[in-house]
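Numbering (this note's numbering), first residue to last: 313 to 507.
Here is the structure we will look at.
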Amino acid sequence: MGRALCAECGVHRNICVCDQCAPIEGAPMLWLLQDPKEAGHSKGTARIVDVCLPSARRIVCRSPEDLEPLRRRAQHTRLGVLFPSPHSTPVEEVSPGEIREWIVLDGTWRKARRLLLSNPWLRALPAFHFSNPPRSAYRIRKAPTRRHLATAEAVAALLDQTAPDCLSSPLRNAVSALVERQLQQMPQSIRHRYE
Numbered sequence: 313m314g315r316a317l318c319a320e321c322g323v324h325r326n327i328c329v330c331d332q333c334a335p336i337e338g339a340p341m342l343w344l345l346q347d348p349k350e351a352g353h354s355k356g357t358a359r360i361v362d363v364c365l366p367s368a369r370r371i372v373c374r375s376p377e378d379l380e381p382l383r384r385r386a387q388h389t390r391l392g393v394l395f396p397s398p399h400s401t402p403v404e405e406v407s408p409g410e411i412r413e414w415i416v417l418d419g420t421w422r423k424a425r426r427l428l429l430s431n432p433w434l435r436a437l438p439a440f441h442f443s444n445p446p447r448s449a450y451r452i453r454k455a456p457t458r459r460h461l462a463t464a465e466a467v468a469a470l471l472d473q474t475a476p477d478c479l480s481s482p483l484r485n486a487v488s489a490l491v492e493r494q495l496q497q498m499p500q501s502i503r504h505r506y507e
């Protein structure tokens with residue numbers, strides 16, 4: 313007998329959080345550039361963004377050709393990359409609507425940085441960071457610090473700053489549900505490390 317997978321997000325029904333995802337209206341266009349190894353990860357939160365933001369587009373970056381349509385789009389659309397760098401601008405300083413479309417990198421910090429560095433056109437776009445990010449609730453994967461956010465949390469914080477009329481709570485609710493459902497599936501001997 314096959315595994316019971318959700319038809320919408322493709323993960324096991326025990327950890328599916330589609331029931332917690334509500335569509336978010338009025339959000340700016342969002343592009344998720346995803347490391348290929350992240351695409352099938354059950355703890356990944358890009359699928360939450362897919363369900364909550366139907367207008368978002370996810371590109372699994374297996375080769376530079378995968379990004380070519382977006383690179384061409386960047387030539388005539390004001391795009392911003394959400395990724396901290398020495399020259400990035402705080403998101404909090406961006407006026408609503410100033411950046412028409414956002415690019416969010418999805419993967420481990422190392423892989424996201426590699427994706428950015430291997431695409432000079434991405435590095436040439438304006439980069440942004442959170443000067444005071446919210447505390448992450450996503451404790452089921454290792455992060456450099458508690459100030460680093462899961463992809464869906466970063467998107468929620470981005471919407472809070474750049475599209476204040478959008479209700480970002482569906483993203484946060486789904487991340488919280490994912491954490492709890494993942495913890496419920498763990499043996500107690502492992503679960504206590506995350507609680």
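The beta carbon of each residue, even a glycine, is placed where N, CA and C say it ideally should be.
Is it true that the segment 327-336 meets the segment 353-371, where meeting means three or more beta-carbon pairs spaced less than 8 Å apart?
Result yes; three or more Cβ-Cβ pairs closer than 8 Å.
Spell out the partners DSSP gives residue 372 in its beta bridges.
DSSP lists 346 as partners of residue 372.
DSSP three-state call for residue 471: helix, strand or coil?
If DSSP states are grouped into helix, strand and coil, residue 471 belongs with the helices.
Are residue 473 and residue 372 closer than 8 Å when you measure CB to CB?
For residue 473 and residue 372, no; Cβs fall outside 8 Å.
According to DSSP, is residue 420 part of a helix, a strand, or is it coil?
Here residue 420 sits in coil by DSSP.
By how many angstroms is the C-alpha of residue 375 removed from the C-alpha of residue 419?
Taking the straight line joining both Cα atoms gives about 15 Å.
Just to confirm before moving on: does the CB-CB distance between residue 508 and residue 394 stay below 8 Å?
The structure shown has nothing for residue 508, since the chain only spans 313 to 507.
Pairs of beta-carbons, one from the segment 405-419 and one from the segment 431-446, closer than 8 Å: are there three or more?
The segment 405-419 is in contact with the segment 431-446.
Which of the three DSSP states, helix, strand or coil, is assigned to residue 489?
Three-state DSSP puts residue 489 in a helix.
Among 347, 400, 505, which has the Cα closest to the Cα of residue 423?
Considering only alpha carbons, the answer is 347.
If you draw a straight line from the C-alpha of residue 392 to the C-alpha of residue 505, how long is it?
Spanning the two alpha carbons is a distance of roughly 37 Å.
Beta strand (DSSP E) containing residue 439: first to last residue?
Residue 439 -> beta strand (DSSP E) spans 439-441.
Look up residue 413 in the DSSP assignment and say whether it is helix, strand or coil.
DSSP places residue 413 in strand when its eight states are reduced to three.
For residue 359, collect the residues of the same chain with a Cβ closer than 6 Å to its Cβ; drop the 5 residues on either side in sequence, then sort them by chain order.
Hits under 6 Å: 321.
Going by other Cβ atoms of all chains shown within 10 Å of its Cβ, with 16 needed for buried, is residue 492 buried or exposed?
Result: exposed.
Taking 7 Å as the limit between beta carbons, can you name the residues of its chain near residue 396, skipping five residues before and five after?
Excluding positions up to five away in sequence, the list reads 441.
Measure the C-alpha to C-alpha separation of residue 430 and residue 499 and round it to an integer number of angstroms.
So the two alpha carbons sit approximately 39 Å from each other.
Among 436, 377, 451, 357, which one has its Cα closest to the Cα of residue 399?
Cα-wise, what sits closest to residue 399 is 436.
Taking the runs of the beta strand (DSSP E) that are 3 residues or longer, which of them lie wholly in the segment 321-346?
Segments of the beta strand (DSSP E) lying fully in the segment 321-346: 341-346.
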